[in-house]
């Protein structure tokens, strides 16, 4: 059993038809398909912070999120284009940082520890 401390909530996209002119558009579904399940947020690159007395420069880093297959067993799988919100929490459950955005194609790994790897281009908030 894997114990990830971070949490993820995800919504599929759905087609909505405009009653007036018949056009369709995609939007985030009203109800999430997964809600606050355990995950592990991982960052590429090295974030050393700012030297003393200097402003901190924001860094662009790739965000990857790992979800154990045990967490989504019997539920719906993540799909390309899903909107997610991921939260990094401390040991008390307080949110340290959050990431929101649309995911790319999820990668599913079944050998070893079965998990889904999600890449995210996200808006991050500390």
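In this note's numbering, the protein residues as written are -13 to 112.
Note that beta-carbon positions come from the ideal geometry of N, C-alpha and C, so glycine has one too.
Assign residue i to buried or exposed, taking buried as 16 or more other Cβ atoms, counted over all protein chains shown, within 10 Å of its Cβ.
i, result
"residue -4", "buried"
"residue 65", "exposed"
"residue 72", "buried"
"residue -7", "buried"
"residue 74", "buried"
"residue 82", "exposed"
"residue 54", "buried"
"residue 11", "exposed"
So the candidates are the options; which of them puts its Cα closest to the Cα of residue i?
i, options, result
"residue 118", "60, 86, 100, 67", "No answer is possible for residue 118: the residues shown for the chain start at -13 and end at 112."
"residue 13", "2, 7, 19, 6", "2"
"residue -10", "92, 23, 18, 84", "23"
"residue 63", "18, 84, 76", "18"
"residue 94", "88, 86, 103, 26", "103"
"residue 86", "67, 5, 80, 96", "67"
Using the DSSP secondary-structure output, state which residues sit across from residue i in a beta bridge.
i, result
"residue 52", "26, 103"
"residue 81", "75"
By DSSP, does residue i sit in helix, in strand, or in coil?
i, result
"residue 21", "strand"
"residue 62", "coil"
"residue 71", "strand"
"residue 12", "strand"
"residue 57", "helix"
"residue -9", "coil"
"residue 96", "coil"
"residue 0", "strand"
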